[in-house]
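Asks: FYI, in mature numbering (1 follows the signal peptide of the UniProt record, and there is no 0) the residues of the sequence shown are -21 to -1, 1 to 289.
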Amino acid sequence: MRRAIAVIALLAIMASLTACAGSRFDPPALSTAGVSAPGSSEHRLTVGGHDRSYRLYVPAHLSAPAALVVMLHGGYGSAQQAEASYGWDRIAAEHGVVILYPDGDGRAWNAGGGCCGPPARDGTDDVAFIAAAVADVQKRVSIDAGAVFAAGMSNGAMMAYRLACETTLFAAIGPVSGTMPVGLECAAPAPISVIAVHGVDDTRVLYEGGASTVGTARIDATAQQDVHTLWARAASCDEDVTTSAPPLRTETAACPDSRAVQLVSIAGYGHEWPSPDGGSTPQGEQVYRGWDATAQLWSFFDAHRRAASG
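1. Between which two residues does the alpha helix (DSSP H) containing M137 stretch?
2. Output the distance between the C-alpha atoms of A143 and M132, rounded to the nearest integer angstrom.
3. Can you tell me which residues form a DSSP beta bridge with S57?
4. By Cβ distance, which residues of its chain are closer than 6 Å to D104, with the 5 residues on each side in sequence left out?
5. Report yes if the CB atom of R34 is closer than 8 Å to the CB atom of E62, and no otherwise.
6. Please name the residue in A190, Q204, A214 and A107 whose C-alpha comes closest to that of L242.
7. With the cut-off set at 8 Å, would you say A272 and P160 are in Cβ contact?
8. Thinking C-alpha only, which one of A211, A46 and E21 is nearest I174?
9. Within 10 angstroms of the Cβ of A224, are there 16 or more other Cβ atoms? Answer buried if so, exposed if not.
10. How would you label H29, buried or exposed, when you count the other beta carbons within 10 angstroms and need 16 or more for buried?
11. I'd like to know whether the C-beta atoms of F279 and G157 end up nearer to each other than 8 Å.
12. So what does R23 bridge to, in DSSP terms?
13. For the putative contact between A46 and V76, defined by C-beta atoms under 8 Å, what is the C-beta separation to the nearest angstrom?
14. Cα separation between L148 and A246?
15. So within the region 191 to 263, which uninterrupted alpha helix (DSSP H) runs reach at least 4 residues, ignoring any that extend past its ends?
16. Suppose you measure from the CA of P255 to the CA of C165; what does that come to, to the nearest Å?
17. Between C234 and A214, what straight-line distance do the alpha-carbon atoms span, to the nearest angstrom?
18. For A39 and W67, I'd like the C-alpha separation in whole angstroms.
19. In the DSSP assignment, the beta strand (DSSP E) including P154 goes from what residue to what residue?
20. Can you give the Cα-Cα distance for A202 and W277, rounded to whole angstroms?
21. May I ask you to report which of helix, strand or coil DSSP gives H177?
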(Lines of atoms letter the chains of each structure in order from A and count residues from 1; the text may use other names and numbers.)
(Lines give C-alpha, C1' and ligand atoms only; values in the text may rest on other atoms or scores of the structure.)
Protein backbone atom coordinates (compact mmCIF):
# COMPACT_ATOMS: atom_id res chain seq x y z
CA MET A 1 0.00 0.00 0.00
CA ARG A 2 2.77 2.43 0.96
CA ARG A 3 4.64 1.49 -2.20
CA ALA A 4 1.57 2.23 -4.34
CA ILE A 5 1.11 5.64 -2.71
CA ALA A 6 4.79 6.45 -3.31
CA VAL A 7 4.50 5.52 -7.00
CA ILE A 8 1.38 7.67 -7.39
CA ALA A 9 3.15 10.63 -5.75
CA LEU A 10 6.20 10.20 -7.98
CA LEU A 11 4.01 10.12 -11.10
CA ALA A 12 2.27 13.29 -9.97
CA ILE A 13 5.60 15.08 -9.48
CA MET A 14 6.83 13.96 -12.93
CA ALA A 15 3.60 15.16 -14.56
CA SER A 16 3.98 18.53 -12.86
CA LEU A 17 7.57 18.90 -14.05
CA THR A 18 6.62 17.93 -17.60
CA ALA A 19 3.85 20.54 -17.65
CA CYS A 20 6.21 23.25 -16.39
CA ALA A 21 8.84 22.32 -18.96
CA GLY A 22 6.28 22.45 -21.75
CA SER A 23 5.01 25.89 -20.79
CA ARG A 24 8.51 27.23 -20.34
CA PHE A 25 9.86 26.23 -23.74
CA ASP A 26 6.82 26.69 -25.98
CA PRO A 27 7.74 29.37 -28.55
CA PRO A 28 5.73 32.60 -28.13
CA ALA A 29 3.42 33.79 -30.88
CA LEU A 30 5.07 37.21 -30.82
CA SER A 31 8.54 38.32 -29.80
CA THR A 32 9.01 39.08 -26.11
CA ALA A 33 11.47 41.20 -24.19
CA GLY A 34 14.78 39.74 -23.12
CA VAL A 35 18.41 39.66 -24.15
CA SER A 36 18.79 38.66 -27.80
CA ALA A 37 21.29 35.95 -28.69
CA PRO A 38 24.06 36.78 -31.17
CA GLY A 39 23.17 36.50 -34.84
CA SER A 40 20.08 37.37 -36.86
CA SER A 41 16.58 36.99 -35.48
CA GLU A 42 13.06 37.93 -36.54
CA HIS A 43 10.57 39.81 -34.36
CA ARG A 44 6.99 41.01 -34.61
CA LEU A 45 5.14 43.95 -33.12
CA THR A 46 1.60 45.23 -33.20
CA VAL A 47 1.54 48.97 -33.86
CA GLY A 48 -1.70 50.87 -34.37
CA GLY A 49 -3.57 47.60 -34.73
CA HIS A 50 -1.26 46.34 -37.50
CA ASP A 51 1.20 43.45 -37.28
CA ARG A 52 4.70 44.60 -38.25
CA SER A 53 8.03 42.82 -38.36
CA TYR A 54 11.74 43.50 -38.20
CA ARG A 55 15.04 41.64 -38.27
CA LEU A 56 17.74 42.21 -35.67
CA TYR A 57 21.44 41.48 -35.97
CA VAL A 58 23.41 41.26 -32.73
CA PRO A 59 27.17 40.59 -33.05
CA ALA A 60 28.95 38.10 -30.84
CA HIS A 61 30.95 40.90 -29.20
CA LEU A 62 28.96 44.00 -28.26
CA SER A 63 30.01 47.43 -27.16
CA ALA A 64 28.47 48.25 -23.78
CA PRO A 65 26.17 50.04 -24.28
CA ALA A 66 25.98 49.45 -28.02
CA ALA A 67 25.22 51.80 -30.89
CA LEU A 68 22.12 50.97 -32.93
CA VAL A 69 21.76 51.51 -36.68
CA VAL A 70 18.30 51.31 -38.25
CA MET A 71 18.73 50.26 -41.90
CA LEU A 72 15.67 51.10 -44.02
CA HIS A 73 15.32 49.14 -47.26
CA GLY A 74 14.29 50.76 -50.54
CA GLY A 75 11.01 50.39 -52.39
CA TYR A 76 10.28 46.75 -53.29
CA GLY A 77 12.96 45.70 -50.79
CA SER A 78 12.65 43.96 -47.43
CA ALA A 79 14.45 43.56 -44.13
CA GLN A 80 16.03 40.33 -45.34
CA GLN A 81 17.13 41.92 -48.62
CA ALA A 82 18.64 44.91 -46.80
CA GLU A 83 20.59 42.65 -44.47
CA ALA A 84 21.96 40.71 -47.44
CA SER A 85 22.72 43.70 -49.67
CA TYR A 86 24.39 46.54 -47.78
CA GLY A 87 27.09 45.04 -45.56
CA TRP A 88 25.86 46.27 -42.20
CA ASP A 89 26.31 42.91 -40.44
CA ARG A 90 30.03 43.16 -41.24
CA ILE A 91 30.19 46.62 -39.65
CA ALA A 92 28.30 45.25 -36.65
CA ALA A 93 30.75 42.41 -36.15
CA GLU A 94 33.79 44.69 -36.52
CA HIS A 95 32.55 47.46 -34.20
CA GLY A 96 30.13 45.83 -31.75
CA VAL A 97 27.11 47.58 -33.27
CA VAL A 98 23.48 46.36 -33.32
CA ILE A 99 21.57 46.57 -36.62
CA LEU A 100 17.79 46.85 -36.89
CA TYR A 101 16.22 46.02 -40.26
CA PRO A 102 12.51 46.98 -40.28
CA ASP A 103 10.09 45.61 -42.89
CA GLY A 104 8.05 48.17 -44.79
CA ASP A 105 4.33 47.50 -45.15
CA GLY A 106 3.93 46.32 -48.75
CA ARG A 107 7.71 46.64 -49.29
CA ALA A 108 7.60 50.44 -49.08
CA TRP A 109 7.57 53.32 -46.60
CA ASN A 110 5.17 56.20 -46.05
CA ALA A 111 7.88 58.83 -46.40
CA GLY A 112 5.50 61.80 -46.66
CA GLY A 113 4.43 63.98 -49.55
CA GLY A 114 2.44 61.13 -51.08
CA CYS A 115 5.45 58.81 -51.29
CA CYS A 116 5.36 55.88 -51.60
CA GLY A 117 3.03 53.08 -52.71
CA PRO A 118 0.43 51.39 -50.48
CA PRO A 119 1.78 52.80 -47.18
CA ALA A 120 1.30 56.35 -48.46
CA ARG A 121 -2.16 55.61 -49.87
CA ASP A 122 -3.25 53.86 -46.66
CA GLY A 123 -1.71 56.42 -44.30
CA THR A 124 0.51 53.81 -42.62
CA ASP A 125 2.20 55.28 -39.53
CA ASP A 126 5.75 54.15 -40.24
CA VAL A 127 7.17 56.74 -37.85
CA ALA A 128 5.31 55.09 -34.97
CA PHE A 129 6.36 51.61 -36.13
CA ILE A 130 10.07 52.41 -36.33
CA ALA A 131 9.99 54.20 -32.98
CA ALA A 132 8.29 51.13 -31.47
CA ALA A 133 10.86 48.82 -33.06
CA VAL A 134 13.72 50.89 -31.60
CA ALA A 135 12.06 50.73 -28.16
CA ASP A 136 11.63 46.95 -28.53
CA VAL A 137 15.33 46.53 -29.33
CA GLN A 138 16.23 48.63 -26.29
CA LYS A 139 14.42 46.06 -24.13
CA ARG A 140 16.59 43.29 -25.57
CA VAL A 141 20.03 44.89 -25.78
CA SER A 142 21.77 47.65 -23.82
CA ILE A 143 21.70 50.53 -26.34
CA ASP A 144 23.44 53.91 -26.06
CA ALA A 145 20.56 56.39 -26.43
CA GLY A 146 23.01 58.92 -27.85
CA ALA A 147 24.14 56.53 -30.58
CA VAL A 148 20.93 55.62 -32.41
CA PHE A 149 21.22 56.21 -36.17
CA ALA A 150 19.11 55.71 -39.30
CA ALA A 151 20.42 54.79 -42.75
CA GLY A 152 18.25 54.22 -45.79
CA MET A 153 18.30 53.42 -49.48
CA SER A 154 16.00 55.24 -51.94
CA ASN A 155 12.49 55.16 -50.40
CA GLY A 156 14.23 54.17 -47.15
CA ALA A 157 16.43 57.28 -47.44
CA MET A 158 13.29 59.40 -47.74
CA MET A 159 11.89 57.66 -44.67
CA ALA A 160 15.08 58.51 -42.78
CA TYR A 161 14.46 62.18 -43.54
CA ARG A 162 10.88 61.90 -42.30
CA LEU A 163 12.09 60.30 -39.06
CA ALA A 164 14.49 63.22 -38.58
CA CYS A 165 11.68 65.70 -39.29
CA GLU A 166 9.23 64.16 -36.82
CA THR A 167 11.29 62.59 -34.01
CA THR A 168 14.38 63.25 -31.93
CA LEU A 169 15.35 59.57 -31.68
CA PHE A 170 18.41 59.79 -33.89
CA ALA A 171 21.81 61.38 -33.45
CA ALA A 172 22.44 61.19 -37.20
CA ILE A 173 20.92 59.90 -40.41
CA GLY A 174 22.54 58.59 -43.60
CA PRO A 175 20.23 58.75 -46.64
CA VAL A 176 21.61 57.13 -49.82
CA SER A 177 20.12 57.62 -53.30
CA GLY A 178 17.13 59.42 -51.86
CA THR A 179 16.01 62.92 -50.98
CA MET A 180 13.03 64.57 -49.33
CA PRO A 181 9.79 64.11 -51.29
CA VAL A 182 8.15 67.33 -52.38
CA GLY A 183 5.32 67.93 -49.91
CA LEU A 184 6.99 66.37 -46.86
CA GLU A 185 6.22 68.74 -44.00
CA CYS A 186 9.44 69.59 -42.18
CA ALA A 187 9.12 73.22 -41.12
CA ALA A 188 11.21 73.20 -37.94
CA PRO A 189 13.29 70.03 -37.58
CA ALA A 190 15.49 69.50 -34.55
CA PRO A 191 19.23 69.83 -35.18
CA ILE A 192 20.79 66.55 -36.27
CA SER A 193 23.91 65.32 -38.09
CA VAL A 194 23.31 64.23 -41.69
CA ILE A 195 25.45 62.46 -44.28
CA ALA A 196 23.64 62.26 -47.62
CA VAL A 197 25.09 60.26 -50.53
CA HIS A 198 23.65 60.65 -54.03
CA GLY A 199 24.65 59.87 -57.60
CA VAL A 200 24.47 62.99 -59.76
CA ASP A 201 23.14 60.94 -62.70
CA ASP A 202 20.37 59.20 -60.71
CA THR A 203 17.30 58.96 -62.97
CA ARG A 204 14.91 57.52 -60.36
CA VAL A 205 15.38 60.12 -57.62
CA LEU A 206 16.65 63.21 -59.41
CA TYR A 207 19.68 64.87 -57.84
CA GLU A 208 18.61 68.28 -59.15
CA GLY A 209 15.02 67.72 -58.02
CA GLY A 210 11.77 67.41 -59.91
CA ALA A 211 9.59 64.51 -60.99
CA SER A 212 11.27 61.39 -62.33
CA THR A 213 9.95 59.75 -65.46
CA VAL A 214 11.69 56.46 -64.68
CA GLY A 215 10.36 53.68 -62.45
CA THR A 216 6.87 52.99 -61.17
CA ALA A 217 7.04 55.41 -58.22
CA ARG A 218 7.83 58.53 -60.33
CA ILE A 219 9.31 60.35 -57.34
CA ASP A 220 8.86 64.12 -57.12
CA ALA A 221 12.10 65.02 -55.36
CA THR A 222 13.50 68.10 -53.64
CA ALA A 223 16.91 69.09 -55.02
CA GLN A 224 19.78 67.73 -52.92
CA GLN A 225 21.36 71.16 -52.50
CA ASP A 226 18.09 72.48 -51.05
CA VAL A 227 17.86 69.52 -48.66
CA HIS A 228 21.47 70.06 -47.60
CA THR A 229 20.76 73.73 -46.92
CA LEU A 230 17.65 72.92 -44.87
CA TRP A 231 19.50 70.58 -42.50
CA ALA A 232 22.55 72.84 -42.24
CA ARG A 233 20.26 75.69 -41.26
CA ALA A 234 18.39 73.50 -38.75
CA ALA A 235 21.69 72.65 -37.05
CA SER A 236 22.97 76.27 -37.18
CA CYS A 237 26.00 75.20 -39.20
CA ASP A 238 28.85 77.22 -40.65
CA GLU A 239 29.38 77.63 -44.39
CA ASP A 240 30.31 74.54 -46.36
CA VAL A 241 33.84 73.37 -46.85
CA THR A 242 34.05 71.56 -50.19
CA THR A 243 36.58 68.89 -51.09
CA SER A 244 36.83 67.20 -54.45
CA ALA A 245 38.38 63.87 -55.37
CA PRO A 246 36.65 63.00 -58.66
CA PRO A 247 34.17 61.53 -59.05
CA LEU A 248 33.44 62.47 -55.41
CA ARG A 249 32.54 65.97 -54.25
CA THR A 250 31.97 66.39 -50.53
CA GLU A 251 30.38 69.47 -48.96
CA THR A 252 30.66 69.57 -45.18
CA ALA A 253 29.13 72.12 -42.83
CA ALA A 254 30.45 72.09 -39.26
CA CYS A 255 27.80 72.78 -36.64
CA PRO A 256 27.56 73.46 -32.89
CA ASP A 257 27.56 70.56 -30.42
CA SER A 258 29.94 68.58 -32.66
CA ARG A 259 27.29 68.01 -35.32
CA ALA A 260 27.93 68.07 -39.07
CA VAL A 261 25.82 68.14 -42.23
CA GLN A 262 27.51 66.57 -45.23
CA LEU A 263 26.56 65.96 -48.87
CA VAL A 264 28.56 63.43 -50.87
CA SER A 265 27.86 63.76 -54.61
CA ILE A 266 29.16 61.13 -57.05
CA ALA A 267 29.51 62.19 -60.67
CA GLY A 268 28.47 59.60 -63.26
CA TYR A 269 26.71 57.52 -60.65
CA GLY A 270 23.12 56.28 -60.87
CA HIS A 271 20.55 54.92 -58.41
CA GLU A 272 22.92 52.75 -56.41
CA TRP A 273 24.26 52.03 -52.93
CA PRO A 274 28.01 52.66 -53.44
CA SER A 275 30.08 49.62 -52.56
CA PRO A 276 33.69 48.46 -52.93
CA ASP A 277 32.56 46.56 -56.05
CA GLY A 278 31.51 49.79 -57.73
CA GLY A 279 28.20 50.89 -59.16
CA SER A 280 26.72 51.56 -62.56
CA THR A 281 25.60 54.48 -64.66
CA PRO A 282 22.01 54.62 -65.97
CA GLN A 283 23.45 53.09 -69.16
CA GLY A 284 24.78 50.11 -67.20
CA GLU A 285 28.44 51.08 -67.35
CA GLN A 286 30.46 50.11 -64.31
CA VAL A 287 31.92 53.09 -62.46
CA TYR A 288 33.93 54.01 -59.41
CA ARG A 289 35.06 51.02 -57.47
CA GLY A 290 36.49 51.30 -54.00
CA TRP A 291 34.18 53.66 -52.07
CA ASP A 292 32.22 51.83 -49.41
CA ALA A 293 29.10 53.80 -48.43
CA THR A 294 28.36 51.51 -45.49
CA ALA A 295 31.80 51.99 -43.96
CA GLN A 296 31.67 55.73 -44.63
CA LEU A 297 28.25 56.07 -43.03
CA TRP A 298 29.36 54.15 -39.96
CA SER A 299 32.51 56.30 -39.63
CA PHE A 300 30.33 59.43 -39.77
CA PHE A 301 27.80 58.01 -37.29
CA ASP A 302 30.52 56.94 -34.87
CA ALA A 303 32.01 60.45 -34.95
CA HIS A 304 28.65 62.16 -34.35
CA ARG A 305 27.18 60.54 -31.28
CA ARG A 306 25.48 62.80 -28.80
CA ALA A 307 24.88 62.83 -25.06
CA ALA A 308 22.00 60.55 -24.09
CA SER A 309 20.02 63.57 -22.96
CA GLY A 310 20.77 65.51 -26.14
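Even glycine gets a Cβ: it sits at the ideal position worked out from N, Cα and C.
No experiment lies behind these values; they were computed from the predicted model shown.
Replies: So, from the listed chains and residues:
1. Along the sequence shown, read from residue 1 onward, the residue named residue 137 stands at position 158. Segment N134 to E145, the alpha helix (DSSP H) holding M137.
2. Along the sequence shown, one-based indexing puts residue 143 at 164. Along the sequence shown, one-based indexing puts residue 132 at 153. So the alpha carbons of these two residues sit roughly 15 Å apart.
3. On the sequence shown, residue 57 is found 78 positions in, with the first residue counted as 1. BP columns for S57 are empty, so no partner.
4. Here residue 104 refers to the residue found at position 125 of the sequence shown. Correct list, in chain order: G27.
5. Mapped onto the sequence shown, residue 34 falls at position 55. Mapped onto the sequence shown, residue 62 falls at position 83. Yes. Within cutoff.
6. Position 263 of the sequence shown holds residue 242. That would be Q204, whose Cα lies nearest to the Cα of L242.
7. The sequence position of residue 272 within the sequence shown is 293, counting from 1. The sequence position of residue 160 within the sequence shown is 181, counting from 1. Contact flag unset, no.
8. Along the sequence shown, read from residue 1 onward, the residue named residue 174 stands at position 195. Residue A211 is the option with its Cα nearest to I174.
9. In the sequence shown, counting from the first residue as 1, residue 224 sits at position 245. Exposed is the call here.
10. Counting from 1 along the sequence shown, the entry for residue 29 is found at position 50. Its Cβ having fewer than 16 others within 10 Å, H29 is exposed.
11. One-based indexing of the sequence shown puts residue 279 at position 300. One-based indexing of the sequence shown puts residue 157 at position 178. No. Outside cutoff.
12. Here residue 23 corresponds to residue number 44 of the sequence shown, with the count starting at 1. BP columns for R23 point to S32.
13. In the sequence shown, residue 46 corresponds to position 67, counting from 1. In the sequence shown, residue 76 corresponds to position 97, counting from 1. Indeed, because the Cβ distance is near 5 Å, the residues count as touching under 8 Å.
14. To locate residue 148, count along the sequence shown from 1; it is residue 169. To locate residue 246, count along the sequence shown from 1; it is residue 267. Approximately 32 Å, taken between the alpha carbons.
15. 203 to 213
16. Here residue 255 is taken as the residue at index 276 of the sequence shown, counted from 1. Here residue 165 is taken as the residue at index 186 of the sequence shown, counted from 1. If you take the alpha carbons of P255 and C165, they lie about 34 Å apart.
17. Here residue 234 is taken as the residue at index 255 of the sequence shown, counted from 1. Here residue 214 is taken as the residue at index 235 of the sequence shown, counted from 1. Distance between the alpha carbons of C234 and A214: 6 Å.
18. Here residue 39 is taken as the residue at index 60 of the sequence shown, counted from 1. Here residue 67 is taken as the residue at index 88 of the sequence shown, counted from 1. Distance between the alpha carbons of A39 and W67: 14 Å.
19. On the sequence shown, position 175 is the one that residue 154 refers to. Residues A151 to V155.
20. Position 223 of the sequence shown holds residue 202. Position 298 of the sequence shown holds residue 277. Using only the alpha carbons, I get a separation of about 25 Å.
21. The count along the sequence shown starts at 1 and reaches residue 177 at position 198. In the structure shown, H177 sits in a strand (DSSP, three-state: E or B).
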